[in-house]
Ligand SMILES: Cc1ncc(COP(=O)(O)O)c(C=O)c1O
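Shown next as C-alpha cells:
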C-alpha cells in the first residue's frame, strides 16, 4: 500500500510560549560571559572557581571507586529522590560542624543549589506572589522566582547587606511569601550581613510568617575574620529557614551537587517537586561526591582554596583603585569571589566594558543584578579565576581602557 504524502505545515508563527516565561529575562551575564571567553582575555567577569585548584586526582579516584566492585551497580542505577544516604550524612555532618546542627534526613540533595532555588519557588510561590530580594541580587535566583510567576520586591542594602527595617516596611506593604538572602559574601556584592541584622531578620520572619531562603555557596571561602552563625540557627528562624548550599565552590561546579536543608513541614513537598523535575540527581555523581568527601581532608583542601583566593583578592583590591577612574569606590570583602565597585556618577559600566574588551580585559556591569531601577555605574569583579600576576596585568589593561 502506498503511503499518502502529506505536506508539513509551514512554520510561520512563533510558538506560543507559556505565560510564566513572559517575564523571565535571558541572563545578560551569560551573553557577556560569551564575549569574555575569547582567548587572551583576562576575565574578572565569571564567578568561576580556579580550575587548577580542583582536586582532579581525588575526584578521579572517587569516581573510579564509585564505579568499582559491588557498589558500581548502585552507582549506575535509579535511586531515591532525597539523595545518596552517605552523601546526605556527609553534608549533614559538615553543616553540624559549621554550627548548623543537621541530620541526614533534614537534607535534600539537589542538582546544584540552583535546582534548590527552583524547587523552593515551585513549592512556595503562586503566580503574583511577592518575594523580597536584596538589591542587587543573584540573577539566576531572580530568574527562578520569575519562572514561578513571582514578583521580586527589591530591598535596599548597604555595605553590611540588607536593611532589615526597610525589609520590614516592604513586608508590611507587599505581604511577601519569602525573603531571599545571600548573607555571606553575597553575589554580586561580596557583602556580609552582620550578626545584629541576622538576628533582626530572624525576628522579622517569626513576626510576619515569612519564609527565609538563606543561600550560602560562599561561606566556607573566608579569608579574614570569624564565621557568623547561619540565620537558620537564630531564634525565630529555626523552623522558617530553607538553608541552601553547594559543593560548587569548594569542590567543583561540574559535579552539580547542591542541597537544601529544609524545615520538616516543607520536606515532602520539595521531594515531590524534585520527583517531577528529575526523579533524582545523578547517582554516580552523588556516589563519587560522597566518596570524595569521605577520603579528602576537607579542612585542608578548603584552607588551600582560602590561601590562594585570599592572595587573589588582595591583588585585585590592592590595584583596583588605580585601575578605575578617579572617584570610583569599591569594597574589600572578607571572603567569597566578588568585589563590587561603583564608577563616578555619570559613568556607565556597560560602556566601560566595551572599551575594556578592546583591551582584552572583562568584568560584569552591575545593571543585570538589579530587580528594580539599575545603577548603571556599578560593576562586579571576580578575583578567583586568575593568579595574582595576571590580575595585575588585567588591572593595567583596565586602566588603559579609560585613560
Ligand atoms: C548566590 C548563588 N546561589 C546559587 C548559585 C548556584 O550554584 P550551583 O547551582 O552551582 O550550586 C550560585 C552560583 O554562582 C550563586 O552565586
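Residue numbers (the working numbering): 572 to 974. Beta carbons are placed, not taken as given, at the ideal position from N, Cα and C, and that holds for glycine.
Should residue i go down as buried or exposed, given a rule of 16 or more other Cβ atoms within 10 Å for buried?
{"i": "residue 839", "result": "exposed"}
{"i": "residue 654", "result": "buried"}
{"i": "residue 829", "result": "buried"}
{"i": "residue 649", "result": "exposed"}
{"i": "residue 853", "result": "buried"}
{"i": "residue 773", "result": "buried"}
{"i": "residue 846", "result": "exposed"}
{"i": "residue 857", "result": "buried"}
{"i": "residue 780", "result": "exposed"}
{"i": "residue 590", "result": "exposed"}
{"i": "residue 862", "result": "buried"}
{"i": "residue 667", "result": "exposed"}
{"i": "residue 802", "result": "buried"}
{"i": "residue 935", "result": "buried"}
{"i": "residue 786", "result": "buried"}
{"i": "residue 587", "result": "exposed"}
{"i": "residue 900", "result": "exposed"}
{"i": "residue 766", "result": "exposed"}
{"i": "residue 797", "result": "exposed"}
{"i": "residue 960", "result": "exposed"}
{"i": "residue 627", "result": "exposed"}
{"i": "residue 706", "result": "buried"}
{"i": "residue 640", "result": "exposed"}
{"i": "residue 835", "result": "exposed"}
{"i": "residue 601", "result": "exposed"}
{"i": "residue 618", "result": "buried"}
{"i": "residue 583", "result": "exposed"}
{"i": "residue 924", "result": "buried"}
{"i": "residue 738", "result": "buried"}
Can you give me the Cβ contacts of residue i inside the same chain, cut-off strictly under 6 Å, excluding the 5 residues immediately before and after it?
{"i": "residue 721", "result": "696, 700, 702"}
{"i": "residue 572", "result": "For residue 572, the predicted structure reports a pLDDT of 42, less than 50, and the residue's modelled location is therefore unreliable. A value from the coordinates is still provided. Excluding residues within five positions, none has a Cβ falling inside 6 Å."}
{"i": "residue 692", "result": "715, 716, 719"}
{"i": "residue 598", "result": "710"}
{"i": "residue 841", "result": "679, 690, 694, 833"}
{"i": "residue 778", "result": "none"}
{"i": "residue 634", "result": "859"}
{"i": "residue 625", "result": "823"}
{"i": "residue 688", "result": "712, 715"}
{"i": "residue 954", "result": "883, 884, 887"}
{"i": "residue 615", "result": "934, 952, 953"}
{"i": "residue 760", "result": "911"}
{"i": "residue 922", "result": "none"}
Quick one: what's got a C-beta closer than 8 Å to residue i's C-beta in the same chain, skipping five residues either side?
{"i": "residue 595", "result": "714, 717, 718"}
{"i": "residue 916", "result": "948"}
{"i": "residue 763", "result": "731, 732, 754, 755, 756, 757, 799, 904, 905, 906"}
{"i": "residue 968", "result": "613, 927, 930, 931, 932"}
{"i": "residue 821", "result": "791, 792, 869, 872, 873, 876"}
{"i": "residue 665", "result": "864, 869"}
{"i": "residue 724", "result": "701, 702, 703, 704, 741, 745, 747, 942"}
{"i": "residue 670", "result": "798, 800, 801, 804"}
{"i": "residue 643", "result": "637"}
Would you say the beta carbon of residue i is closer than 7 Å to some non-hydrogen atom of ligand 1?
{"i": "residue 810", "result": "no"}
{"i": "residue 880", "result": "no"}
{"i": "residue 829", "result": "yes"}
{"i": "residue 802", "result": "no"}
{"i": "residue 751", "result": "no"}
{"i": "residue 649", "result": "no"}
{"i": "residue 685", "result": "yes"}
{"i": "residue 676", "result": "no"}
{"i": "residue 853", "result": "no"}
{"i": "residue 709", "result": "yes"}
{"i": "residue 819", "result": "yes"}
{"i": "residue 788", "result": "yes"}
{"i": "residue 814", "result": "no"}
{"i": "residue 822", "result": "no"}
{"i": "residue 758", "result": "yes"}
{"i": "residue 712", "result": "yes"}
Please go through the same chain and pick out, in chain order, the residues whose beta-carbon is closer than 7 Å to the beta-carbon of residue i, but skip the five residues on each side of it.
{"i": "residue 663", "result": "673, 674, 675, 677, 678"}
{"i": "residue 824", "result": "620"}
{"i": "residue 896", "result": "914, 915, 918, 973"}
For a test of your reading of the model: does the CB of residue i fall under 7 Å from any non-hydrogen atom of ligand 3? Yes or no.
{"i": "residue 618", "result": "Summarising the ligand content, the structure contains ligand 1 and does not contain ligand 3."}
> Of all the alpha helix (DSSP H) runs that stay within the bounds of the region 832-884, which reach a length of 4 or more residues?
Replying inline: Complete alpha helix (DSSP H) runs here, min 4: 835-849, 854-866.
> Hey, which unbroken runs of the beta strand (DSSP E) at 3 residues or more fall wholly within the region 729-807?
Replying inline: As for any beta strand (DSSP E) of minimum length 3 sitting wholly inside the region 729-807, the runs are 749-752, 782-786, ordered along the chain.
> Could you give the uninterrupted runs of the alpha helix (DSSP H) lying entirely in the region 653-741, keeping only those of 4 residues or more?
Replying inline: If we require 4 residues or more, the alpha helix (DSSP H) runs fully inside the region 653-741 come out as 656-668, 683-695, 710-718.
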